[in-house]
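See below for the structure under consideration.
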Amino acid sequence: MRPPRTATLDLMIEFVIEELMSGDGQRRRAMVRRMAERWPAEPALALVYAVTCATETIEDTFGDSAGREPMIPLGYRLSALISADVHAVQCMGQIPSVAADLLHFWRRVDPLFLRMT
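Using this note's numbering, count along the sequence shown one by one with no gaps and you end on 118.
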């Protein structure tokens, strides 16, 4: 059973689907940073949830052919990387963390998502 979603989560999931389905490598790479910039007050784990749900939706929609699409492993990989950063931020005492905390973390500690443009 999925937890209830808010309107903001729905917007985030829609955004991720659009970016992953765009076929544009630059849009896909900048997606996580753009999410944090667009929704800085949202819980950091909301980014993870949105990317995971969007990837799962794409996978479910396209069935067996989805396995051949590079966006599926990319979506799950990005979810895992965001999760690791959320964990690091929370270990530093930022509990609960929000997307703005991730932006700060990326500027100070791990610029991966800032370099992905």
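Built from N, CA and C at the ideal position, the CB exists for glycine as well. Please read all numbers here as calculations on a predicted model, not as lab measurements.
Inset, instruction - Let me know if M2 comes out buried or exposed under the rule of 16 or more other beta-carbons within 10 Å of its beta-carbon. - result: In the sequence shown, the residue the question calls residue 2 occupies position 1. Here the model assigns M2 a pLDDT of 49, short of 50, so the residue's position is not dependable and the matter cannot be decided.
Legend entry - S80 burial status per 10 Å Cβ neighbour count (16 or more: buried): Residue 80 sits at position 79 when you count from the first residue of the sequence shown. A residue is called buried once 16 or more other Cβ atoms fall within 10 Å of its Cβ, and S80 is buried on that count.
Inset, instruction - Just tell me which of P74, E57 and M36 has its CA closest to the CA of A119. - result: The structure shown does not extend to residue 119, since the chain is modelled only from 2 to 118, so the question has no answer here.
Legend entry - alpha helix (DSSP H) segment containing A8, residue limits: As a position in the sequence shown, residue 8 is number 7, starting the count at 1. Per DSSP, A8 is one residue of the alpha helix (DSSP H) stretching across A8 to M22.
Legend entry - Residue closest to Y121, alpha-carbon to alpha-carbon, out of P71, R78 and F63: What is shown of the chain runs 2 to 118, which leaves residue 121 out entirely.
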